[in-house]
Structures are given as structure tokens and as C-alpha cells.
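Chemist: Per my numbering, the very first residue in the sequence shown carries number 102; after that it's consecutive.
Mind looking over this structure? Questions follow.
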Amino acid sequence: MTKRIERSNIMILQEKILEDLKNEGKYSNGDVKLELTQDGVDMIFNKKENIRETLLTGIDKKEILNANPAEIQVTDFISKNTKITKDTKQQLILSSSGGIEDCVDELLNFCYRMQETYDKTASHITRMFGSYILIVRRNDELKAIYSTPSPMKYCPLMFKLLREIGGDIADNLLASLKNGKQDEYQKHMLDLINNVVIKGGGFNDNRPLNSCEKNVTFGASEIMSDAMQTGKIDAAVIVSNNLGTVITTTPVTTQGVVKRMTGLFYTTPSPDLVKGAFKNDIIPVFPFTGKIDQVEGVKQAIKLGFKNISVSVAANDNYKLKELSSLETEGINIYRFGLCATGINNETAEIMAQNADIVWSCASKPVRELIAPKAISQVGVKIPVYILSKRGWELVKPRIGEIDGKFDLDGVILADGENMPVIYNKQGELVSMKFSELDERCVDCPEPCV
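See the structure below:
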């Protein structure tokens, strides 16, 4: 007998799907495509993708296999009115016969059963200090089981944030990072993720998604949130634990879905959190699989009618900035943020330089060598954030105004090279000076840059 998912959960999407099917004969999001037929409704369901092994260098392949989505006996999830017409590693195609409402109810129930199954064997990949960390659910407990080595010894931002929340566990990690003992570092990193991040609620199903706690002076979500508050953008395509790629449309959720997250490269969906997202007007682009695909996220945002969209991409995925640029058309502005740049190669840096509006330097040598000379302004000096376009500057201005309402924004003259304006905090207030006038061009910065 087919198990039925809680009705209210299905109803979150059902009205939209029925509306599109009745008006257009089809509906789609990142996970599914539904189409009206003579007999009922057909659906293509894109299965959860496997983990990218290249992220987790040095890991035992058995751990990767165990962390990847298991094969699911999908016949248990359907009734006699629905048939599976195709089943591959990537996709399922289902045909449901009967009235449109009954078909949609049946197919959505199937989708939520798939979502539940992915959640039971959850896997996530986050990043800190340039390390990729694998988190898996084992025996109903979420646990970090592997960390790649770190290319770094110091990051001022992470040292500050971890000391605020991590206590002795953070101190042990930071000490091992400084002395370069990778075995100790990897052990302490897992300890930190398990006992500070996970136990602190970073992956909780019931965590609030509308908290506007701003932790980083010039963080990406902070800039997006303030830009949205002032009407410069109407949607943000970002990434969240247990949700994957999402579209946010309010300042509080733009900040709330990420909070202290330091980078996310793989995740599985939480049914409860997906439900909470819809209730908070957050749009999960892949509600049933939690996939991370920022290009598809922007396409969905455009389809929904948004005109001024910000989007962030991270690490080696920054090469997708070129494709994101191509999605701009007359009347559609896509503001592109390049994040988590530690370890990128020169080719990716060149793509960022040509296509990003704002780039976070992190501990990246190519960013400092290839992108910084093309910037027309910079905010921060410890971890420089480079603004590469006038419209990027327009997005940063509300954040500057929020931090220091007395700062003279009109007095900033955009320029590159030695005349580039650098805005940073000096003794509690924001100041601006030309790059050539800085007393010390790198104070308390990440090291080494790679």
C-alpha cells in the first residue's frame, strides 16, 4: 500500500502546479517536469546527483559510495494508476492516469517520498579554511567523517568567527592550522564540525530561516540583503544547507537561509525545512533533491518574473559566471558574485574578472594577481572584496550606508590601479583612501595565498 505524505506539505506546491497545467499544459521546477496528456499527467523526475569525487581528494572510495544516494525501490511509492515508463541513473519518467487533481496529488506524493528517502541517508559537503568536509547521516546521527587538508595556516575572518562560538575546540583547530600538522588539523576540524556546527544547529530541520543576524561586515548575503532592502534587487539566488539552490525575495530570508555558513557544495533536502522555506516565501529550486545549480536557479527566477537578480557561485564553479552572463537580456539584470575563491586556477580567475560584478578574494593568489588590477573599488583590507563594475558598486553602497550612515558615498571616485578607492573600518568608522595611499596594503590577511 502506498504511504501518503502529510496533505499540507503537498498543498504547498499543488495549487501552482494545477494552475500551470490548466493554463499552459505543463509545469516545471529544477527537479520535475509535468505535462498534461489525454489520459492524465506525465512527469519527468530528475534523481539526486552523486557527490563530485574531485572535491574530496584522498578519501576512501568506499566512503564516497556510502555517501552517494542509494538506489531506491520506487515501485513502493506509486499506486496502480501510475506507471514507471523509464528508469535510468539520472531520471524517472512516470505516467499517471485519471483526473488532473488526482494525478498531481499522486505524483507529488511520489516526489515527497523520494525527498524523505534522500533525507534518511543525508550527505553534505561544506568548506572551511579551504578544506572540503564530508558530513553524512549514520544511524540517524549526522556526523562529519572526512576533511581534506588545508592549504592555509591563517584566516582572520574564520579565526574571529570560530573564537566567538567554538571555545576550546576552535582553539585546538586554530593551533593545529598554524603549526601545519595536517593529521591533527583534520581531526580537530571534524571535532569542530560535529560539536560546534552540527550540535549548534547548523543543519537542524527546524532552524529559523528568517533571522537577520549579520556576521560579516562585507559578506555576500549581507550585501544582498541590504541591496534588497533598498530595492536594488528583487531576488537572490543563493545556497542553503538542506535546501540546495534557493530563491529568496526578502532581506531577512536572504540573510537567514545562510547565517554563518562558510560554503556549501553538496546537500540533501530536509522535508521539514523545505516546508518551512515555502512558508517563509523562500523558493527551493530543487525541493525534492536539494541540488545546487545556480544557473538553473537564475533561469527559474527569470521564469517567475524577477528582473533584478543577484546570484552567488563558489570555488571552481565560478567558471559558470560566463554562462550566467549570457542569461542577461533587455530588462533582466543579473548581478554576479564570485565567492570562496581559495584554490581556483588562473583560467577561472580570468572568467571571474570578465563576468563578475563583485569578487571575494579569500586566500586566492590568482584573484589578487589577475582580478584586483581590474577592480574599480575595494571594501575591506584583511580579506579584500573587489568591485569590478559600476552596478556592483551600486549594490555595495546600501551595505556601506548600513554600517556607517555618516560615510560620504558621494565622495568616492571609482577608478582602477593605484587610484582605486579602498573603503575599510578604521577605529570604528569607515574611511576611504586611494590604494596608493594605504600605509599597509595587507594587514592581518590570509596566508599563504594559493
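We put the beta carbon where it would ideally sit given N, CA and C, even for glycine.
All values reported here derive from a predicted model rather than from experimental measurement.
1) Could you give the distance in angstroms between the alpha-carbon of lysine 333 and the alpha-carbon of isoleucine 435?
2) How many angstroms separate the CA atom of glycine 159 from the CA atom of tyrosine 233?
3) Sort Lys127, Glu503, Glu424 and Gln287 by Cα distance to glutamate 323 and report the nearest one.
4) Answer with buried or exposed for proline 485, where buried requires no fewer than 16 other C-beta atoms within 10 angstroms of its C-beta.
5) Run the CB neighbour count on lysine 421, radius 10 Å, all protein chains shown included, and call it buried at 16 or more, exposed below.
6) Measuring CB to CB, does threonine 368 end up less than 9 angstroms from leucine 344?
7) DSSP puts methionine 481 in a beta bridge; with which residues?
8) Does DSSP put arginine 492 in a helix, a strand or coil?
9) Thinking C-alpha only, which one of Ser371, Ala337 and Asn419 is nearest aspartate 382?
10) Classify glutamate 397 as helix, strand or coil using the three-state DSSP reduction.
11) For lysine 117, name the three-state secondary structure that DSSP assigns.
12) Pull up the distance between the alpha-carbon of asparagine 273 and that of glutamate 172, whole angstroms please.
13) Counting pairs of beta carbons, one from the stretch 244-256 and one from the stretch 205-221, are three or more of them closer than 8 angstroms?
14) Consult DSSP for leucine 275 and reduce its assignment to one of helix, strand or coil.
15) I need the straight-line Cα distance from alanine 245 to histidine 289, nearest angstrom please.
16) Ends of the beta strand (DSSP E) at serine 180?
17) DSSP has glutamine 192 in a bridge; who is on the other side?
18) Measuring CA to CA, which of Gln192, Val175 and Lys475 is closest to glutamate 217?
19) Let me know the alpha helix (DSSP H) ranges lying completely inside the stretch 354-416, each 4 residues or longer, listed in chain order.
20) Just to confirm my understanding: we take leucine 428, look at its own chain, exclude 5 residues before and 5 after, and list those with CB closer than 8 angstroms. What are they?
21) Report buried or exposed for valine 532, applying the criterion of at least 16 other Cβ atoms within 10 angstroms of its Cβ.
22) If you run the structure through DSSP and keep just helix, strand and coil, what is phenylalanine 595?
23) Just the Cα atoms here: how many angstroms apart are asparagine 110 and aspartate 241?
24) According to DSSP, is valine 317 part of a helix, a strand, or is it coil?
Modeler: According to the data block:
1) Taking the straight line from one Cα to the other gives about 11 angstroms.
2) Going by the C-alpha atoms only, they are around 11 angstroms apart.
3) For the residues Lys127, Glu503, Glu424 and Gln287, the minimum Cα distance to glutamate 323 belongs to Glu503.
4) Buried.
5) Classification for lysine 421: buried.
6) Between threonine 368 and leucine 344, the C-beta spacing is below 9 angstroms.
7) The question names methionine, but residue 481 in the sequence shown is glycine. For glycine 481, which the question treats as bridged, DSSP gives no partner whatsoever.
8) It is helical.
9) Closest option to aspartate 382, Cα to Cα, is Ala337.
10) Three-state result, glutamate 397: helix.
11) Three-state result, lysine 117: helix.
12) Straight across, the Cα-Cα distance linking asparagine 273 with glutamate 172 is about 39 angstroms.
13) Flag = no, the stretch 244-256 and the stretch 205-221 do not touch.
14) Helix.
15) Cα to Cα, alanine 245 sits roughly 11 angstroms from histidine 289.
16) In the DSSP annotation of this structure, serine 180 is not part of any beta strand (DSSP E), being labelled neither H nor E.
17) Beta-bridge partners of glutamine 192 (DSSP): Asn147.
18) It is Val175.
19) Runs of the alpha helix (DSSP H) inside the stretch 354-416: 372-380 and 395-404.
20) Correct list, in chain order: Val396, Val399, Lys400, Ile403 and Ile435.
21) The residue is exposed, with fewer than 16 neighbouring Cβ atoms inside 10 Å.
22) The structure shown does not extend to residue 595, since the chain is modelled only from 102 through 551, so no value can be given for it.
23) Confidence is the limiting factor: at asparagine 110 the pLDDT is only 45, short of 50, which leaves the residue's position unreliable and the question unanswerable from this model.
24) In the three-state scheme derived from DSSP, where H, G and I count as helix and E and B as strand, valine 317 is classed as coil.
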